[in-house]
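S.K.:
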Amino acid sequence: MDQNQRGSRPRKGLRYGKKTWGRKRHALVDTQGTLLAVKATGAEKSDQEGGRALFVPVKEKFPRLKLLWGDSHYGGTFRLWAKTTLGWMIQTIKALTLPKRGLLVNEGEEVDWETIPKRGHIAGFLDC
């Protein structure tokens, strides 16, 4: 088989900011973590480009999808695009940060961080 005929894997690319080669994976999962769709792109593609490549074909498969959660890379103009093009609302979730004192806190001692209720990669919410 000729190398040009293999179209199953995305082309590897260079991510200039971090000077790394490879692929980025974008996943759409439900609130239980079940994989609904996945798209791999070259590292040179932005997260927003990868999100668009993932979401457009998925729109017809999940017509009741209304709310998505994602990290800050899926915010900004991408949120506006998803709302106007697909009718989906994207809520960006803050990255989890470790507390100053570490993970273990003595009983009765106050913690100096807040629990984030939703975190992780893009998670879809099906309006049942």
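Under the working numbering, the first residue of the sequence shown is numbered 435, with each subsequent residue one higher.
Ideal Cβ placement from N, Cα and C applies to all residues, glycine included.
As the structure is a computational prediction, the values presented were derived from the model and not from experiment.
Drop a sphere of 10 angstroms on the beta-carbon of G504, count the other beta-carbons inside from all chains shown, and report buried for 16 or more, exposed for fewer.
M.R.: It counts as buried.
S.K.: For T518, count neighbouring C-beta atoms within 10 Å of its own C-beta (all shown protein chains included) and say buried if the count is 16 or more, exposed if not.
M.R.: Looking at its Cβ environment, which holds fewer than 16 other Cβ atoms inside 10 Å, T518 is exposed.
S.K.: Rounded to the nearest angstrom, what separates G476 and R459 at their Cα positions?
M.R.: Distance between the alpha carbons of G476 and R459: 9 Å.
S.K.: Under 7 Å Cβ to Cβ from K473, same chain only, skipping five residues before and after it: list those, please.
M.R.: Excluding sequence neighbours, K473 sits near H460, G484, A487, L488.
S.K.: Using the Cα positions of G521 and K500, report the straight-line distance between them to the nearest angstrom.
M.R.: One C-alpha to the other measures close to 7 Å.
S.K.: Rounding to the nearest angstrom, what Cα-Cα distance links D464 and P497 in this structure?
M.R.: For D464 and P497, the distance between alpha carbons rounds to 14 Å.
S.K.: Buried or exposed for K528, going by 16 or more other Cβ atoms inside 10 Å?
M.R.: Exposed is the call here.
S.K.: Let me check understanding here. Comparing Cα to Cα, which of T526, G510, Q482, V492 lies closest to L469?
M.R.: The option with the nearest alpha carbon to L469 is V492.
S.K.: Can you grab the Cα-Cα spacing for the pair E478 / L462, in whole Å?
M.R.: Going from the Cα of E478 to the Cα of L462 covers about 20 Å.
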